[in-house]
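Data block below; observations after.
Protein chains: 2
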Amino acid sequence: MFKSLEIGRRIKGDEFDERSLALREQLMRAQLDLAKRDYPLIIIVAGLDGAGKGELVHRINEWMDPRGIATNTFWEHSDEEESHPYFWRFWRKLPPRGETAIFLGSWYARPALLLLDKKIDELEFIRQCQDILAFERALIDDGALIVKLWLHVSKKTQQAQLEEDAPNKQQIRRIPERPYDMSGNYKRSLKVAEELVLATDTPDSPWQLVEAEDRHYRDINCGEIILHALQRRIEADDVAPPEPTETELPPASQQTLLGQVDLDLALERDVYKNKLSKYQLRLQDLVWKAYEQRRSLVAVFEGWDAAGKGSAIRRVTRAMDPRLFHLVQFAAPTDEEKARHYLWRFWRQLERDGRATIFDRSWYGRVLVERVEGFARESEWRRAYAEINQFEAELVNHGSIVTKFWLHISPDEQLARFRERENSPHKQHKITEEDWRNRDKWDVYEHAVDDMITRTSTSRAPWQVIPANDKRYARIQILKSICAQLESALDD
Amino acid sequence: MFKSLEIGRRIKGDEFDERSLALREQLMRAQLDLAKRDYPLIIIVAGLDGAGKGELVHRINEWMDPRGIATNTFWEHSDEEESHPYFWRFWRKLPPRGETAIFLGSWYARPALLLLDKKIDELEFIRQCQDILAFERALIDDGALIVKLWLHVSKKTQQAQLEEDAPNKQQIRRIPERPYDMSGNYKRSLKVAEELVLATDTPDSPWQLVEAEDRHYRDINCGEIILHALQRRIEADDVAPPEPTETELPPASQQTLLGQVDLDLALERDVYKNKLSKYQLRLQDLVWKAYEQRRSLVAVFEGWDAAGKGSAIRRVTRAMDPRLFHLVQFAAPTDEEKARHYLWRFWRQLERDGRATIFDRSWYGRVLVERVEGFARESEWRRAYAEINQFEAELVNHGSIVTKFWLHISPDEQLARFRERENSPHKQHKITEEDWRNRDKWDVYEHAVDDMITRTSTSRAPWQVIPANDKRYARIQILKSICAQLESALDD
């Protein structure tokens with residue numbers, strides 16, 4: 000795969016100057032055009048040590064307008080990064096639509112280096128490559144244009160480069176834990192590189208293999224690849240089809256999962272008070288224990304309007320040290336959020352290891368309100384099930400404990416609560432026209448909930464459907480369930 | 000994931016009769032329409048034992064016109080199937096465009112059963128799921144509509160079904176090696192099922208999870224899913240975009256891999272004769288050894304017109320027992336071949352384990368002549384690199400030895416050989432107008448060859464570029480290389 004990238008392709012000085020000038024102008028124009036588009040450009044610069052990745056990034060910044068380009072490097076890992084799931088560091092660096100991000104040392108670094116150092120086995124390597132594919136898939140489905148450059152140099156050139164770089168040019172050690180002398184490793188690097196490229200080369204985000212022996216050729220070639228990608232995308236968009244009218248398959252039966260829930264379950268006040276203090280005490284201890292063990296809790300609360308999410312969450316947070324949790328409520332996305340993938344706003348809220356993040360409404364809005372109200376296209380909410388499963392899998396694989404509650408009440412109970420809100424002055428703000436409108440779509444929502452639970456209740460992140468006609472019963476069930484999940488996940 | 004498929008959704012007898020009638024008519028109409036389309040429908044029926052997969056297949060056949068539907072089962076494995084790579088059995092059952100194939104016991108059976116029986120580990124399971132994704136990807140990219148049905152039943156219903164089925168209904172044992180009593184295994188089956196569904200659920204070929212407790216509900220639900228998939232596809236096609244004009248990025252330098260080849264290499268006649276008999280003898284032994292060890296050889300010959308492929312192949316086959324090899328030449332595809340994925344015609348030619356298949360021209364036509372002449376769209380030949388790598392990986396993983404030769408000559412040498420062909424009566428048939436036309440596109444072809452070798456020369460199936468200005472030298476190199484690859488792959 001790489002032998003044919005060692006044939007000495009060169010571009011001479013004068014020719015380079017001339018082509019560089021022309022290329023620069025075209026890239027600038029393409030970048031201006033990108034600013035008007037609703038997708039970002041993501042450039043990944045990867046390849047062997049000594050191939051001049053840093054130089055190339057300089058060149059791209061020189062050719063394009065540095066405003067509108069962010070260069071992200073990941074040489075040094077912050078403890079912030081280390082104490083979040085792996086992809087968190089990349090999610091937070093994603094460019095908004097219309098802008099460009101260069102990733103020097105990208106999501107590809109980890110699997111490559113770990114396999115090279117034999118710190119992971121083939122299974123883990125393949126798993127990490129799959130996570131990468133899922134990550135890129137989500138970005139591409141959201142519109143992103145991804146250009147992946149793989150720079151190759153021969154063993155001889157690598158040696159020469161590294162020796163030349165070492166004393167003077169390198170101000171910072173690039174990968175602190177790795178010595179410059181890669182000589183014993185060259186062959187193995189190539190093997191790992193081939194595995195990596197084969198495992199992550201897809202039609203939508205293909206690898207571009209670039210001979211980097213000659214820096215002129217390397218830069219011109221990469222610049223043209225980027226330009227070409229931008230131009231092709233514009234051409235493709237020009238012939239994009241109108242959105243097909245999507246008609247959803249109505250359910251073959253009106254029976255639903257929620258229809259099975261026993262809503263008569265209730266607790267007496269005395270029993271409730273006893274259990275409440277018992278489970279709150281237990282939760283308090285468990286949350287500290289999770290902190291000590293550096294495990295984070297991710298608790299998601301969804302449910303019908305007026306199902307009692309807020310008051311249930313208060314019973315949970317009351318048992319937690321305020322330093323240890325972060326409660327996030329979601330309303331309409333901000334401009335910054337709208338300029339990115341819909342999961343970005345949830346990734347950015349995740350607390351560090353050892354702390355709890357409590358989501359009052361969550362990413363499930365994608366397959367509930369956005370689906371029902373048509374804010375998301377059918378293709379968007381349909382693929383969201385897999386995206387969400389992947390997202391939660393990353394949390395769990397990182398060590399987070401994910402717990403998800405659907406608070407279920409009957410339509411009658413909801414009506415009673417709506418009326419009560421309207422009639423009590425201090426609760427009037429909690430009831431809006433929208434609540435009444437949502438209520439009219441009960442059946443449609445119920446089927447959306449059904450699909451959501453079927454599709455996203457996985458063994459690593461199961462849904463708990465909580466009968467909530469009786470608030471006391473619901474609160475105790477939730478506390479009990481969180482305690483049980485923490486207990487089974489934490490070491491004694 | 001499966002708990003919400005146990006809520007007792009039912010459809011009563013009268014309602015079933017009524018809906019069944021309507022559904023049948025709509026399915027028939029959709030099927031008639033499908034016959035005019037340029038893609039096939041592939042239905043996968045999978046799920047737990049006792050969920051009524053067989054019954055459902057009967058129902059589909061009853062609802063649709065059995066002409067134009069083929070039902071494929073894989074209960075019993077033929078030795079033909081066992082002695083080919085796993086996917087061979089499915090490739091040969093792929094329906095032509097406009098028709099339908101039902102797969103009962105599909106490509107999903109193997110990873111599920113092997114993991115259930117702990118005969119493979121997680122790594123192998125994930126690998127097999129990746130192969131499945133690549134296989135389905137290739138079919139979908141080629142246009143296929145895939146509907147994947149997963150039928151779920153509760154433990155209780157499964158037990159009841161299996162006991163009911165066992166004595167009377169089952170004429171043939173369905174999975175001979177598996178006992179009917181699955182009771183100890185139910186929980187584990189679900190776990191494996193969840194892993195399988197999560198790993199292979201993609202936006203383009205999503206799993207449809209179906210509650211199969213009630214056979215009426217099950218059949219209506221599945222029928223509607225199939226109908227809906229057909230209808231949506233037609234709607235989507237109606238708004239399909241015109242093909243974008245694809246402009247290829249010209250190479251940044253005119254230097255090529257082939258430009259590096261030393262074409263002066265030659266052999267004296269005496270040396271040649273000696274070496275020829277030496278390597279032919281060695282090859283003869285090795286081919287028998289491969290037969291004994293049940294390893295198959297796949298040898299691909301590509302090269303410039305008049306590079307001497309034919310005469311080189313003759314030197315190879317002469318060393319092989321005719322019972323042990325199959326030489327295939329490729330011209331234009333037949334109608335049957337055109338009605339299917341382009342790789343189908345190569346899959347069908349593969350010899351059984353222990354035998355050699357020699358390809359005089361091959362699947363690489365996709366990225367050579369089809370690319371250069373515009374017979375394949377850019378998106379098609381670009382994704383072909385990954386498809387071909389996947390195809391060859393399946394061969395190698397199955398135990399085949401894959402060897403690929405590009406016979407390289409200079410333009411001058413080609414001209415001399417063309418002239419010679421024109422001037423000698425017995426060779427005139429070998430030179431056509433097309434050869435001269437191809438010759439005019441030498442540079443374009445050269446870059447296509449460059450890309451092909453870079454993209455598809457993998458460590459498991461490397462390309463050998465053979466300097467062939469001197470035919471004797473080329474033949475010896477080829478024989479030597481095949482011997483070396485066989486020697487290193489076979490056990491002593």
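Protein chains in written order, with numbering that gives the first Met the number 0: chain A, 0 to 491; chain B, 0 to 491.
We put the beta carbon where it would ideally sit given N, CA and C, even for glycine.
| Query | Result |
| --- | --- |
| Residue 463 of chain A - partner residues in DSSP beta bridges | A:404 |
| Contained alpha helix (DSSP H) runs [length at least 4] in the stretch 414 to 448 of chain A, N- to C-terminal order | 432 to 439 |
| Alpha helix (DSSP H) segment containing residue 316 of chain B, residue limits | 308 to 316 |
| Near-chain A residues of the stretch 212 to 238 of chain B (beta-carbon distance less than 7 Å), N- to C-terminal order | 216, 219, 220, 223, 224, 227, 234, 235, 238 |
| Where the beta strand (DSSP E) containing residue 215 of chain A begins and where it ends | That residue, residue 215 of chain A, is in no beta strand (DSSP E); its alpha helix (DSSP H) goes 214 to 237. |
| N- and C-terminal bounds of the beta strand (DSSP E) containing residue 397 of chain B | First-last for residue 397 of chain B: 377 to 397, but that is the alpha helix (DSSP H), not the beta strand (DSSP E). |
| Chain A contact for residue 200 of chain B (CB, 7 Å cutoff) | yes |
| Span separating the alpha-carbon of residue 99 of chain B from that of residue 64 of chain B | 10 Å |
| For residue 254 of chain B, the three-state DSSP class (helix, strand or coil) | coil |
| Sufficient close CB pairs (3 or more, under 8 Å) joining the stretch 55 to 73 of chain A to the stretch 25 to 32 of chain A | yes |
| Min CB distance residue 207 of chain A to chain B below 7 Å | no |
| Beta-carbon neighbours of residue 276 of chain A, restricted to chain B and to distances below 9 Å | In chain order: nothing, as chain B lies at least about 31 Å away. |
| Any C-beta of chain B under 7 Å from that of residue 0 of chain A | yes |
| Residue range of the beta strand (DSSP E) that includes residue 270 of chain A | From DSSP, residue 270 of chain A is part of no beta strand (DSSP E) but of the alpha helix (DSSP H) over 268 to 291. |
| Simplified DSSP state of residue 348 of chain B, which is helix, strand or coil | coil |
| Proximity below 7 Å, CB of residue 430 of chain A to CB of residue 419 of chain A | no |
| Residue range of the beta strand (DSSP E) that includes residue 301 of chain A | 296 to 302 |
| Contact list for residue 422 of chain B against chain A, beta-carbon separation under 8 Å | By Cβ distance, chain A contributes nothing, its closest Cβ being about 36 Å from residue 422 of chain B, past 8 Å. |
| Best match in A:246, A:221, A:25, A:113 for proximity to residue 226 of chain B [C-alpha to C-alpha] | A:246 |
| Proximity test, Cβ basis, 7 Å: residue 145 of chain A and chain B | no |
| Nearest-angstrom beta carbon gap, residue 316 of chain A and residue 329 of chain A [assumed within contact, 8 Å] | Not a contact, Cβ separation roughly 16 Å. |
| Neighbourhood of residue 492 of chain B by C-beta distance below 6 Å, restricted to the same chain and skipping five residues each side | Beyond the ends of chain B as shown, which are 0 and 491, falls residue 492 of chain B; an answer cannot be given. |
| Distance CB(residue 434 of chain B)-CB(residue 304 of chain B) smaller than 7 Å | yes |
| Within chain B, the residues that residue 197 of chain A reaches when beta carbons sit closer than 7 Å | 388, 457 |
| First and last residue of the uninterrupted alpha helix (DSSP H) at residue 53 of chain A | 52 to 62 |
| Closer than 7 Å to chain B by CB, residue 3 of chain A | yes |
| Neighbouring residues, chain A, relative to residue 122 of chain B (Cβ below 8 Å) | 120, 121, 122, 125 |
| Proximity to residue 235 of chain A [Cα-Cα], best of A:49, A:142, A:4, A:162 | A:142 |
| Proximity to residue 184 of chain A [Cα-Cα], best of A:47, A:194, A:131 | A:47 |
| Cβ-based contacts, 8 Å cut-off: residues of the stretch 251 to 271 of chain A near chain B | 251, 252, 254, 255, 256, 258, 259 |
| Residue 292 of chain B and residue 318 of chain B closer than 7 Å at C-beta | no |
| Amino acids of chain A, ordered along the chain, whose beta-carbon sits closer than 9 Å to that of residue 10 of chain B | 251, 252 |
| Any C-beta of chain A under 7 Å from that of residue 466 of chain B | no |
| Cβ neighbours of residue 176 of chain A in the same chain (closer than 6 Å, five flanking residues each side left out) | Reliability fails at residue 176 of chain A, whose pLDDT of 43 lies under 50, so the model's placement of it is uncertain and no value is given. |
| Burial state of residue 8 of chain B (16 or more Cβ within 10 Å) | buried |
| Limits of the beta strand (DSSP E) - the one that residue 327 of chain A falls within | 324 to 328 |
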